[in-house]
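Take a look at the structure set out below.
Number of protein chains: 2
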Amino acid sequence: MVHIVSAFDEELVQIQARISEMGGLSEELLARALESMQSRDAALARSVIERDKILDAMEIAVEESVVKLIAQRQPVASDLRVLIAAMKIASTLERIGDLAKNVAKRAIPLSSARPIKPTASIVRMGRQTLAQLSDVLNAHAARDVDLAIQIWNQDVELDEMYNAIFREVVTYMVEDSRLIGAGAQLMFIAKNLERIGDHSTHIAEMVYYITTGKSLGDDRPKGEPAGIEFVRE
Amino acid sequence: MVHIVSAFDEELVQIQARISEMGGLSEELLARALESMQSRDAALARSVIERDKILDAMEIAVEESVVKLIAQRQPVASDLRVLIAAMKIASTLERIGDLAKNVAKRAIPLSSARPIKPTASIVRMGRQTLAQLSDVLNAHAARDVDLAIQIWNQDVELDEMYNAIFREVVTYMVEDSRLIGAGAQLMFIAKNLERIGDHSTHIAEMVYYITTGKSLGDDRPKGEPAGIEFVRE
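These protein sequences, in sequence, are chains A and B. Under full-length UniProt numbering, the first residue of the first sequence is numbered 1, with each subsequent residue one higher. Under full-length UniProt numbering, the first residue of the second sequence is numbered 1, with each subsequent residue one higher.
Written out as structure tokens, the structure is:
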């Protein structure tokens, strides 16, 4: 039996390869942004900001390839959906890069500010965010539906870490008002990480969709948002 | 001379009409979220959270229509780009709805917390955000390139309002540590508004692209991020 690979399939494989490359770069940006925060390294943070531009250009290239492939091959609806999902994954990876860049931007003033203890918790949360991103990129590369579902269900852990950090940072801010500026930056960094986690689940949804043709639904378990009740009077 | 309207054009007009509808709903959600914050109305905030689901469903419908239209009509590359831009505008409006929903979510605990003065500044910023969103939707409906460029250039004002609010909120938090929890919520609300402003500029870029076939470039003026220097020791 001859295995037939169409020109369409070949070009689709190329698009998937570009997405894998984008995934690798988004992981690198997040890892370096976390490292720049942990080691108070403003130069490293600046390099993340600079390198994010590559990811932006790669997203545009994927979109161009998808449009070109649709125009040339006029694929049937099911292939079209796979292509549009590929474009969305590229766009999601670009946004993950933006969020990593934003972590790096905030790491710059923090590098010369008074050290604040919850930084360690945020770096831990960052490592979990990075592990989740790495898992979802593996799920994408291997079309691993089970892994995609697992990631989709596990994101609630990141939501809970975020809520714990929010409370921890507020506690430090209450104890020492000189930490309020830095604390606010840490809150935004933690929020960025939580959003990267959300984006990883979006990629998991698209991996599920590409592989099965079905939607994962929208009843993903979510952590409760950190409230202000604990300081309410 | 007979004006010829193709089946493709007619269906494109329908997609644009759905996008206008999504735009109207996103404006409504933002206006009500701001109102719920200003009048400390938790029930109104909850209705925003509920109504955002309609916007999510509308985005999926636009995407379905675009995929169907591409599959049926097999448009040339330039028409394809217009369709993909329409899909992206729908996705951006869905994200604006998410951000308005997040403002409403944060307005719920704030409605029963000790009132905090910077709320007034945030409501003012919110009105400007809403005016910008409304302008960009008009630019989209009228294919008004000049208005799109104007919005694109003006977003820097929202960035500056955001920075001023950030400093104002920190000042209140420093003066009265009981306000730290509510202050953190206000910072996230202001950040959400600033992001809605960014999304309006993305729509302006797509209006420019759909109308002229060219990109607006990526050197949009941006406000400097609020730093922590003013509390640094």
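Where a beta carbon is used, it is the ideal one built from N, C-alpha and C, also for glycine.
- Query: The alpha helix (DSSP H) with residue 198 of chain A in it runs from where to where?
  - Reply: Start and end: 180-212.
- Message: Is the separation between the beta-carbon of residue 132 of chain A and that of residue 151 of chain A shorter than 7 Å?
- Response: Taking 7 Å as the Cβ cut-off, residue 132 of chain A and residue 151 of chain A qualify as a contacting pair.
- Just by C-beta distance, which residues in the UniProt domain "PhoU" (19-106) of chain B are closer than 7 Å to chain A? Along the UniProt domain "PhoU" (19-106) of chain B, the positions whose C-beta sits under 7 Å from a C-beta of chain A are 67, 70, 71, 74, 76, 77, 80, 81, 84, 105, read in chain order.
- Message: So, for residue 161 of chain A: in the same chain, excluding its five sequence neighbours on each side, which residues have a beta-carbon less than 7 Å away from its beta-carbon?
- Response: Excluding sequence neighbours, residue 161 of chain A sits near 125, 128.
- Message: Which residues of the stretch 174-201 of chain B have a Cβ closer than 9 Å to any Cβ of chain A? Give them in chain order.
- Response: If the cut-off is 9 Å between Cβ atoms, the stretch 174-201 of chain B has 174, 175, 177, 178, 179, 180, 181, 182, 183, 184, 185, 187, 188, 191 near chain A.
- With respect to the alpha helix (DSSP H) encompassing residue 117 of chain A, which residues constitute its N-terminal and C-terminal limits? Going by DSSP, residue 117 of chain A is part of no alpha helix (DSSP H) at all; its letter is neither H nor E.
- Message: According to DSSP, is residue 109 of chain A part of a helix, a strand, or is it coil?
- Response: Of the three classes helix, strand and coil, the one that applies to residue 109 of chain A here is helix, per DSSP.
- Message: Nearest by alpha-carbon distance to residue 57 of chain B: which of B/44, B/26, B/74 is it?
- Response: Measuring from the Cα of residue 57 of chain B, the nearest candidate turns out to be B/26.
- Query: In chain B, which residues lie with their C-beta within 8 Å of the C-beta of residue 170 of chain A?
  - Reply: Here the neighbours are 180, 181, 184.
- Measure the alpha-carbon distance for residue 149 of chain B versus residue 113 of chain B and round it to whole angstroms. Between the alpha carbons of residue 149 of chain B and residue 113 of chain B lies a distance of about 41 Å.
- Item | For residue 193 of chain B and residue 142 of chain B, the rounded distance between their alpha carbons | For residue 142 of chain B and residue 193 of chain B, the distance between alpha carbons rounds to 25 Å.
- Message: Excluding the 5 residues flanking residue 138 of chain A on each side, which residues of the same chain have their C-beta closer than 8 Å to its C-beta?
- Response: 144, 147, listed in sequence order.
- Message: Below 8 Å, how does it come out for the stretch 53-72 of chain A and the stretch 93-100 of chain A: are there three or more Cβ pairs, yes or no?
- Response: Yes, the stretch 53-72 of chain A is in contact with the stretch 93-100 of chain A.
- Message: Please identify the residue among A/50, A/12, A/13, A/62 whose C-alpha is closest to the C-alpha of residue 28 of chain A.
- Response: Cα-wise, what sits closest to residue 28 of chain A is A/50.
- Which runs of the alpha helix (DSSP H) fall wholly inside the stretch 4-92 of chain A and span at least 4 residues, in chain order? The stretch 4-92 of chain A is shown to contain whole alpha helix (DSSP H) runs of 4 or more residues at 7-38, 42-73, in chain order.
- Can you tell me the Cβ-Cβ gap for residue 33 of chain B and residue 43 of chain B, rounded? I've got them flagged as a contact below 8 Å. Taking the Cβ atoms as the reference, residue 33 of chain B lies roughly 13 Å from residue 43 of chain B, outside the contact range of under 8 Å.
- Query: When the Cβ atoms of the stretch 205-218 of chain A are set against those of the stretch 198-214 of chain B, are three or more pairs found closer than 8 Å?
  - Reply: Pairwise C-beta distances place the stretch 205-218 of chain A out of contact with the stretch 198-214 of chain B, as fewer than three of them are shorter than 8 Å.
- Task: Consider the Cβ of residue 232 of chain A: report whether some Cβ of chain B lies at a distance smaller than 7 Å.
- Result: In this prediction, residue 232 of chain A scores a pLDDT of 32, lower than 50, which makes its location untrustworthy; no coordinate-derived value is stated.
- Query: From this set, B/115, B/47, B/91, B/83, which residue's C-alpha is nearest residue 104 of chain B's C-alpha?
  - Reply: Nearest C-alpha to residue 104 of chain B: B/47.
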